[in-house]
Structure formats: structure tokens, C-alpha cells
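First the structure, in the form of C-alpha cells, and then the observations on it.
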Amino acid sequence: LTEMSGYGIPTDAAQRALRACDDPVALSKLRTSDMVKWCIRGHKDSEVSRKYVKDMLNKLIQCGEADVFHFTVAMHFCDTSEEIQNLIDGPMLKLKVMPSRKIYTKLLLMLAREGNQKEGLRVINEDLPKSYSEDERKSLSEWIKSTKKSLRQMQYGCLSLHVQEGTPEAWQ
294 LTEMSGYGIP
304 TDAAQRALRA
314 CDDPVALSKL
324 RTSDMVKWCI
334 RGHKDSEVSR
344 KYVKDMLNKL
354 IQCGEADVFH
364 FTVAMHFCDT
374 SEEIQNLIDG
384 PMLKLKVMPS
394 RKIYTKLLLM
404 LAREGNQKEG
414 LRVINEDLPK
424 SYSEDERKSL
434 SEWIKSTKKS
444 LRQMQYGCLS
454 LHVQEGTPEA
464 WQ
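Residues in the sequence shown are numbered from 294 upward in steps of one, following my numbering.
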């Protein structure tokens with residue numbers, strides 16, 4: 294670092310990164326914040342951001358370092374419920390990472406958007422952790438059943454959002 298600062302290269306970020314290496318929680322926060330920055334940039338250039346976040350997640354998975362926060366950020370770039378389910382049943386299960394409520398919420402929203410009520414009810418009844426109360430499960434079941442009526446509105450809203458953001462999904 295001394296050599297870097299001798300050449301006029303800013304070392305603040307490098308020092309923070311080196312200090313974070315000693316603390317797993319700080320290192321996870323550093324990686325997560327980096328992924329979040331790419332999610333924010335994703336509105337401008339979604340393919341580059343998508344590739345960066347997925348590549349980073351894959352590297353963390355290979356090293357066994359991915360945690361629930363990294364998976365939660367990566368869910369923003371999943372286009373289908375199948376992609377989310379594959380992450381839950383694949384690397385998350387392998388690394389023994391419990392999906393968060395945000396991940397289950399994203400999965401249920403995606404299933405509703407796709408009109409897949411049966412799978413949504415299966416997830417609610419079989420996959421949700423015991424931390425969900427019976428009232429929460431009942432409420433989610435009623436919600437997923439009611440989405441059939443509003444599916445077209447949901448799909449139209451999703452398509453409108455893609456058109457506004459100018460993402461490639463709008464033209465598929």
C-alpha cells in the first residue's frame with residue numbers, strides 16, 4: 294500500500310478491503326454492497342450488470358463463501374420462478390444456506406406472475422420454513438389463489454415496467 298500511495302494511487306478502498314479479509318462478516322458486507330451497486334446500475338445496462346452479479350455469485354458458490362445476502366441480491370436478476378427454484382434447490386441447499394423471507398416472497402411473486410398457482414401452493418405448504426405461522430401460510434395461500442383474477446393486470450404491469458426500463462425482456 295505504501296508503494297501504491299507513492300504513485301498517487303488512492304489506497305482507502307484497498308485498505309478497507311484488506312481489513313475486511315480478516316473479518317468474514319465485513320467481507321460478506323463488502324461483497325454484498327458491491328453486488329447491490331451493480332443491481333442499481335442494472336437499470337441502465339442490465340446485461341452487463343446481470344453478468345457481473347451472476348459471475349460473482351458463481352465464484353462465491355465455488356469458494357463456498359456465498360451467503361443468504363448474496364443469493365438475495367442475485368434474485369433480482371432471475372427472470373423465472375424456475376431460476377429461483379434452481380438456486381434454492383442447488384447451490385443454496387449444497388451450501389446449507391436457508392432462503393430468507395425475501396427469497397420466498399420473490400419466488401411466490403414470480404409464480405403468481407407466471408400463473409402457476411399449483412406450484413405456489415406447493416411451495417407454501419411444503420417448502421416454507423416453520424418460522425411462518427399458520428396465519429401467514431393461510432394468508433399467502435389465499436393471496437396466491439386470488440392472483441388468477443389479477444394475473445393479466447400483473448403481467449401488464451410487469452411488461453410496462455420492462456418497457457419503461459428499456460430492458461430486453463420487454464421485446465421478448
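Think of the CB as a built atom: it goes at the ideal place given N, C-alpha and C, for glycine as much as any other residue.
For Ile377, the uninterrupted alpha helix (DSSP H) segment begins and ends at Ser374 to Leu380.
Between the segment 370-383 and the segment 393-407, the count of Cβ pairs shorter than 8 Å is three or higher; the stretches touch. Around the C-beta of Met403, 16 or more other C-beta atoms lie within 10 Å, and the residue is accordingly described as buried. Using a Cβ distance threshold of 8 Å, Ser374 and Glu419 do not count as a contacting pair.
Under the 10 Å beta carbon count, Val416 is surrounded by 16 or more other beta carbons and is classified as buried.
Shown here for Ile377: same chain residues with a beta carbon closer than 8 Å to its own, the five before and five after excluded, namely Met368, Cys371, Ile396, Lys399, Leu400 and Met403 in chain order. By the Cβ neighbour-count rule, Met328 is buried, with 16 or more other Cβ atoms within 10 Å of its own. Here Val318 is exposed, its C-beta having fewer than 16 other C-beta atoms within 10 Å.
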